[in-house]
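To start, the structure under review is shown below, and the notes come after it.
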Amino acid sequence: MADAMLAELQYHFSMVRGLANKLYSLLGAAALLAFLSLAPLAHGLPVSGLYEQRVAVENESLAERNSAYQVAFRRMILKVTGDERWLESERIRGASGNAGDFVQAFAYTTEQTAGRVAGMVAGQRYIEVQFSAPAINQLLAADNIPVWGSNRPSVLVWMALQDATGQRSLLNSETGAEIIDYMRRFGEERGLPIIFPLLDLQDRRNLPVDAIWAQDELAIRTASSRYDPDSILAGRLLFTATGELVGLWQFQFMDEAQTFDGFDSELESYLEQPLTRITSQLAGHFGLVPGGQSEQSVRLRVDGIRDFSDYSALVEYVRGIGLVQAADIVSVDGERLELLLDLQGSSDQLFDLIALDRDLLPINSGESADSPLLHYRWMR
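Residue numbers (this note's numbering): 12 to 391.
Below, the structure written as structure tokens:
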């Protein structure tokens, strides 16, 4: 049956060519570009090295290596799951003591410094540890701990800073280099794609510092639209005369806005609180327990499949979505392809995961007697 369906696909693709060309001839180039510009382009970003960690070591002894394995294991679990609470799992704590059992490969490296000691280049020694992804996923599945996939939602960060004299400024590399450096390190360690606005004339016109300070939800969302972020973190931070840090945060995600306070005496711990909070929220939304049973079937209808190359790319894309356990072709009609997907989760989760990419433009979604229907246009 698969061969027959494949033959049918090739027949249709040989007979049907180019919806884009038809639109071009009917509407003209300008109108077609205007149509495409209306597409809501999400900005999910792939995160690499989820199961890899680098740890500083004093030497290459077995004891030092085993100690580094445990540090790397906990950091890796935090990055893979996105939530600190899983580190307290009894199963995870037990596995941490035997972290070497999950190591697939390791190597030592040296990060050189400018100084020289006794004619040798000085530097810090590191061990780079590669954990076995299947073994880690099996461990997490045994405790029903979800894994946050490598395609992760971006977070656009705006901040307004006010010093003890009342002077306000937008966060940039001059006014808050320490803040930006910490946020970038946090993003790398947790696998959270953090992006910052250009703060050019357009940004400053669309979102003045006082609008961020006032936590103007609409103004923040409107100014952020040029970056197509998946979520927005906007904060205001007051540096008091007594050295305290007082502020307010707003997190916009999935058309909802949450507001929460910030208070601390140390900058890094002040910044860690909101970043940890939103990371846990995003991981909880997109994370899936590895190897879970199929929860729902959904029909995926995709228009704009012009040739066999499009078909192959679509199938590869669908199979790469962690939520999809199986995909079967249901029908082919011209440039429209319909698939039946078995999901390890819900159709809502699938919709959110697809929204992280630019490959499928939603047309509409609906319900049928047999299964939910998601309707898209292929945009590659």
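Built from N, CA and C at the ideal position, the CB exists for glycine as well.
Predicted, not measured: the structure shown is a model, and the values here were computed from it.
Around the C-beta of Thr-290, are 16 or more other C-beta atoms found within 10 angstroms, so that it is buried, or is it exposed?
Position 279 of the sequence shown, counted from the first residue, corresponds to residue 290. Buried, since its Cβ has 16 or more Cβ neighbours within 10 Å.
Quick check on Gly-202: buried or exposed, where buried means 16 or more other Cβ atoms within 10 Å of its Cβ?
In the sequence shown, residue 202 corresponds to position 191, counting from 1. Buried, since its Cβ has 16 or more Cβ neighbours within 10 Å.
Does DSSP classify Ala-152 as helix, strand or coil?
Counting from 1 along the sequence shown, the entry for residue 152 is found at position 141. Of the three classes helix, strand and coil, the one that applies to Ala-152 here is helix, per DSSP.
Give me the Cβ distance between Ala-245 and Ile-223, rounded to the nearest whole Å; I'm assuming they're in contact under 8 angstroms.
For this step, residue 245 is matched to residue 234 along the sequence shown. For this step, residue 223 is matched to residue 212 along the sequence shown. Indeed, because the Cβ distance is near 6 angstroms, the residues count as touching under 8 angstroms.
Express the C-alpha separation of Asp-353 and Glu-306 in angstroms, rounding to a whole number.
Position 295 of the sequence shown, counting from 1, holds the residue named residue 306. Position 342 of the sequence shown, counting from 1, holds the residue named residue 353. For Glu-306 and Asp-353, the distance between alpha carbons rounds to 8 angstroms.
Can you grab the Cα-Cα spacing for the pair Asp-272 / Pro-219, in whole Å?
For this step, residue 272 is matched to residue 261 along the sequence shown. For this step, residue 219 is matched to residue 208 along the sequence shown. Going by the C-alpha atoms only, they are around 21 angstroms apart.
What did DSSP end up calling Phe-319 once you bin it into helix, strand or coil?
Taking the sequence shown and counting its residues from 1, one reaches residue 319 at position 308. Phe-319 falls in the helix class under three-state DSSP.
Below 8 angstroms, how does it come out for the stretch 318–330 and the stretch 281–289: are there three or more Cβ pairs, yes or no?
no
What number of angstroms, rounded off, separates the C-alpha of Leu-256 from the C-alpha of Asp-275?
Position 245 of the sequence shown holds residue 256. Position 264 of the sequence shown holds residue 275. Roughly 5 angstroms separates the two Cα atoms.
Quick test of your reading: Arg-86 and Glu-199, contact by CB under 8 angstroms. State the CB separation rounded to the nearest angstrom.
Locating residue 86 in the sequence shown gives position 75, counting from the first residue. Locating residue 199 in the sequence shown gives position 188, counting from the first residue. About 11 angstroms separates the two Cβ atoms, so there is no contact after all.
Tell me the start and end of each unbroken beta strand (DSSP E) in the stretch 262–345 that is at least 3 residues and wholly inside, in chain order.
267–275, 307–314, 335–344
For the candidate residues Trp-169, Glu-277, Thr-251, whose alpha-carbon lies nearest to that of Tyr-238?
Taking the first residue of the sequence shown as 1, we reach residue 238 at position 227. Between Tyr-238 and the set Trp-169, Glu-277, Thr-251, the nearest pair of CA atoms involves Trp-169.
List the residues that DSSP assigns as beta-bridge partners of Asn-162.
Within the sequence shown, residue 162 is the residue found at index 151, counting from 1. Beta-bridge pairing links Asn-162 to Pro-57.
Count the CB pairs spanning the stretch 322–329 and the stretch 294–304 that are closer than 8 angstroms, and state whether there are at least three.
no
In the DSSP assignment, find the alpha helix (DSSP H) that holds Arg-232 and state where it starts and stops.
Sequence index remark: in the sequence shown, residue 232 carries index 221 (1-based). Per DSSP, Arg-232 belongs to the alpha helix (DSSP H) from 228–235.
Leaving aside the five residues before and after Ala-45 along the sequence, list all residues of the same chain whose C-beta is less than 6 angstroms from its C-beta, in chain order.
For this step, residue 45 is matched to residue 34 along the sequence shown. For Ala-45, the pLDDT reaches just 32, beneath the cut-off of 50, and the residue's location in the model is therefore unreliable, leaving the point undetermined.
When DSSP labels each residue in this structure, what does Gln-213 get in the three-state scheme?
The residue labelled residue 213 in the question sits at position 202 within the sequence shown. It is helical.
Take the Cβ of Pro-145 as the centre, count every other Cβ of all protein chains shown within 10 Å, and call the residue buried at 16 or more, exposed below.
Mapped onto the sequence shown, residue 145 falls at position 134. Its Cβ having fewer than 16 others within 10 Å, Pro-145 is exposed.
Alpha carbon to alpha carbon, how far is Ala-294 from Asp-94? Give it in angstroms, no decimals.
Here residue 94 is taken as the residue at index 83 of the sequence shown, counted from 1. Here residue 294 is taken as the residue at index 283 of the sequence shown, counted from 1. Asp-94 and Ala-294: Cα-Cα distance of roughly 7 angstroms.
Going by DSSP, what residue range makes up the alpha helix (DSSP H) through Phe-197?
Locating residue 197 in the sequence shown gives position 186, counting from the first residue. Phe-197 -> alpha helix (DSSP H) spans 188–201.
Can you give the Cα-Cα distance for Leu-396 and Trp-97, rounded to whole angstroms?
Given a span of 12 to 391 for the chain in the structure shown, any question on residue 396 remains unanswerable.
Suppose you measure from the CA of Phe-264 to the CA of His-386; what does that come to, to the nearest Å?
Mapped onto the sequence shown, residue 264 falls at position 253. Mapped onto the sequence shown, residue 386 falls at position 375. The straight-line gap from Cα to Cα measures roughly 23 angstroms.
Under the assumption that Glu-139 contacts Thr-121 (Cβ atoms under 8 angstroms), give the Cβ distance between them as a whole number of angstroms.
To locate residue 139, count along the sequence shown from 1; it is residue 128. To locate residue 121, count along the sequence shown from 1; it is residue 110. Not a contact, Cβ separation roughly 11 angstroms.
What are the partner residues of Met-1, as DSSP defines its beta bridges?
Limits of the chain in this structure are 12 at one end and 391 at the other, which puts residue 1 out of reach.
Using alpha carbons as the reference points, say which of Ser-358, Asp-314, Ser-357, Ser-59 lies closest to Leu-348.
Position 337 of the sequence shown, counted from the first residue, corresponds to residue 348. Residue Asp-314 is the option with its Cα nearest to Leu-348.
Mind checking if Phe-264 is an interface residue toward chain C, Cβ cutoff 7 angstroms exclusive?
Of the chains in the structure shown, none is chain C; there is only one protein chain.
Using three-state DSSP, classify Tyr-476 as helix, strand or coil.
Here the chain covers residues 12 to 391 and nothing more, so residue 476 does not appear.
Let me know the secondary structure DSSP gives Phe-362 once reduced to three states.
Numbered from 1 along the sequence shown, position 351 holds the residue referred to as residue 362. In the structure shown, Phe-362 sits in a helix (DSSP, three-state: H, G or I).
Could you say which of Glu-63, Ala-153, Thr-92 lies nearest to Ala-116 if we only look at CA atoms?
As a position in the sequence shown, residue 116 is number 105, starting the count at 1. The shortest C-alpha separation from Ala-116 is found at Glu-63.
Alpha carbon to alpha carbon, what distance is there between Leu-181 and Phe-250?
In the sequence shown, the residue the question calls residue 250 occupies position 239. In the sequence shown, the residue the question calls residue 181 occupies position 170. One C-alpha to the other measures close to 14 angstroms.
Starting from Glu-7 and walking both ways along the alpha helix (DSSP H), at which residues does that stretch end?
Residue 7 lies beyond the range of the chain shown here (12 to 391); nothing can be said about it.
For Arg-254 and Gln-178, what's the separation of their Cα atoms in angstroms?
Sequence index remark: in the sequence shown, residue 254 carries index 243 (1-based). Sequence index remark: in the sequence shown, residue 178 carries index 167 (1-based). Just to set this straight, residue 254 is Gly in the shown sequence, not Arg. One C-alpha to the other measures close to 16 angstroms.
I need the straight-line Cα distance from Phe-113 to Ala-225, nearest angstrom please.
Start at 1 with the first residue of the sequence shown, and residue 113 comes out as number 102. Start at 1 with the first residue of the sequence shown, and residue 225 comes out as number 214. C-alpha separation (whole angstroms): 49 angstroms.
Roughly how many angstroms separate the alpha carbons of Glu-418 and Thr-92, rounded to a whole number?
Missing from the structure shown is residue 418; the chain here goes from 12 to 391 and no further.
Among the candidates Ser-236, Tyr-80, Glu-279, whose CA atom is the shortest distance from the CA of Met-194?
Walking along the sequence shown from the start, residue 194 turns up at place 183. Among Ser-236, Tyr-80, Glu-279, the Cα nearest to that of Met-194 is on Glu-279.
Rounded to a whole number of angstroms, what is the C-alpha to C-alpha distance between Asp-174 and Thr-186?
As a position in the sequence shown, residue 174 is number 163, starting the count at 1. As a position in the sequence shown, residue 186 is number 175, starting the count at 1. Approximately 10 angstroms between the Cα atoms of the pair.
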